[in-house]
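Accompanying notes for the structure given below.
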Amino acid sequence: MTLLQHRFMKNNSPAVVIVLITIIFIEGVLILLALYPRNRKISLTDLDYKTNFISSNPKKADFTPQPISLDSIFSTDHDWTATLSAERITTVIATGDILTARSVNAKTVEKNNFHWAFEKTADLLRSGDITIINLETPLVEDCPTTNTGMIFCGDTRNVDGLLFAGIDVVNIANNHMGNWGQEGVDMTVRVLQDAELLPAGVTNSVYKEVNGMKFSFLGYNDIGRQVGVSHVDDEKYEEEIRLAKSQSDVVIVSFHWGVEYTHQPTSRQIEIARRAIDAGADLIIGNHPHWIQPPEIYQDKLIVYSHGNFIFDQMWSQKTREGIVGRYVFYDDRLIDAEYIPILIEDFGQPRRATAEESNHILQTLFIESSRLSVR
């Protein structure tokens, strides 16, 4: 401290304090100039204080999409996508198997409430720009109510529940859609189309455009033969996927496949999925096993072998009451994030979000099965 500064410090009047601060600031600037290389210009970024506040509407930094990974899928942080430009983000929601037959249909008709099955999860399903389901029930007139049997049908008014939940695309290529013959398939397609829903898996593919990106949806059954729907063993799926890719930006394919009540995909599932991706699919959505099966990354594309159950009356085991809702985030035409939201089915057909403890158990099991799959 200089003698002058020392004298000023003994006089604590406001004017003296201001003068002292000014002297100290000037001395600091002179020291900075003396130390700074003379052949270099000082920029604003060299100062301790940054100038981010200068622009009241700063432009978002350019984002370069990175390939999705299992690490990112099982991360606890999925909020980062909210920082990206909303105009370039499309979120696709996908569920496990949906049954609107047997006990689910009986309860719905008895309550005269066709929203009932979706009441605790509709907000989640509506959160996507596109929501796709697998409907394992032909919707027909005069469907008899029953709690038993394996020949499925559902009241046509069940479509009101799909609308309530914000469903957009309905895959019907599965092993129960033909339970009421071609007439049942035709009636189901008509009911869905009259409600302005897109039935996939009949005459592939169907299209939906969001944020300037055109999404195509195809569906294929690989469990026995059913009238009126598309099948894997028709050996047309690769050609149809290539055609869809030439006519859209993103191709999403639903497969009904695998072995019931198992945690791991079969070698046939793996082969079908990889051939589909080689043909141009960007995301594979699997169902049918009624248990959750793990995801796999192939050629930087995501395969989800089974989402488990979503709305079903299989209350006889814990595994058949569990499912995951997939939230798939696209940046333009690239899948950049996937998140799984666990659900648990109550009362023979009404899913709810799993508790924190239940979610941890479901996701830990899924992670273990993913690790097993990765070393097969």
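Under UniProt numbering, the sequence shown has 183 at position 183, and the numbering climbs by one with no breaks.
Note that the Cβ used here is the ideal one computed from N, Cα and C, for glycine as well.
This one's a predicted model, so the numbers in the text were calculated from it and none came from an experiment.
Practice prompt. Can you have a look at GLU136 and say buried or exposed, based on whether 16 or more other CB atoms are within 10 angstroms of its CB?
Written response: buried
Contact between the segment 98-109 and the segment 144-162: three or more CB pairs below 8 angstroms? yes
| query | I think PHE255 touches VAL92, with their Cβ atoms under 8 angstroms apart; what is that distance to the nearest whole Å? | reply | At roughly 16 angstroms, the Cβ-Cβ gap does not stay under 8 angstroms, so PHE255 and VAL92 are not in contact.
By alpha-carbon positions, which one of TRP116, PRO67, ARG268, SER75 ends up nearest to TYR340? SER75
Just verifying my parser: in three-state terms, what is the DSSP assignment at ARG353? Secondary structure at ARG353: strand, using DSSP grouped into helix, strand and coil.
message = Need the endpoints of the alpha helix (DSSP H) that GLN293 sits in, please.
response = Unbroken run through GLN293 is the beta strand (DSSP E), 292-298; no alpha helix (DSSP H).
**Message:** Can you tell me where the beta strand (DSSP E) holding ALA94 begins and where it ends?
**Reply:** In the DSSP assignment, ALA94 falls within the beta strand (DSSP E) that extends over 89-98.
| query | Closest by CA to ASN175, which one among ASP300, PRO289, SER205, SER370? | reply | PRO289
To which residues of the same chain is SER230 closer than 6 angstroms at the C-beta, ignoring the five residues directly before and after it? ALA173, GLY201, ASN204, TYR220
When the Cα atoms are used, what is the spatial distance from ASN158 to CYS143? 11 angstroms
Practice task
With distances taken Cα to Cα, identify the nearest neighbour of ASP123 among ILE167, GLU87, THR83.
Solution key: Relative to the Cα of ASP123, the nearest Cα in the group ILE167, GLU87, THR83 belongs to ILE167.
Exercise for the section: Please classify SER359: does DSSP put it in a helix, a strand, or coil? Expected result: helix
**Report entry** C-alpha gap between GLY178 and VAL227, whole angstroms
**Finding:** 5 angstroms
Exercise. With DSSP run on the structure shown, which of helix, strand or coil describes ILE167?
Worked result: coil
As a quick exercise: from LEU283, GLU87, ASN287, GLU238, pick the residue whose alpha carbon is nearest that of residue 399. As displayed, the chain neither begins before 1 nor continues past 376, which places residue 399 out of reach and without an answer.
Check: At what residues does the beta strand (DSSP E) containing ASN113 begin and finish?
Finding: Element bounds for ASN113: n/a, residue is neither H nor E.
Do THR156 and ASN105 come within 8 angstroms of each other at the CB atom, strictly closer than that value? no
Give the secondary structure of LYS107 by DSSP, where H, G and I count as helix, E and B as strand, and everything else as coil.
Helix.
Out of MET213, THR148, TRP180, ASN134, point me to the one whose CA is closest to ALA86's CA. MET213
Discussion item. Check this for me: beta carbons of SER72 and ASP337, under 8 angstroms apart or not?
Written reply: yes
Item to complete: Just confirm the distance between the C-beta atoms of ILE183 and GLN350, as a whole number of angstroms; I'd bet it's less than 8 angstroms.
Response: This sequence places Glu at residue 183; Ile is not what is there. The Cβ separation is near 30 angstroms, so there is no contact.
* Which runs of the beta strand (DSSP E) fall wholly inside the segment 191-239 and span at least 3 residues, in chain order? -> 198-200, 206-210, 213-221
*asked:* Quick check: what's the CA-CA separation for SER69 versus THR266?
replied: 22 angstroms
- Query: Distance, Cα to Cα, LEU163 vs ALA356?
  - Reply: 29 angstroms
Checklist entry - When we look at the beta-carbon of SER246 and count the other beta-carbons within 10 Å, is it buried (16 or more) or exposed? => result exposed
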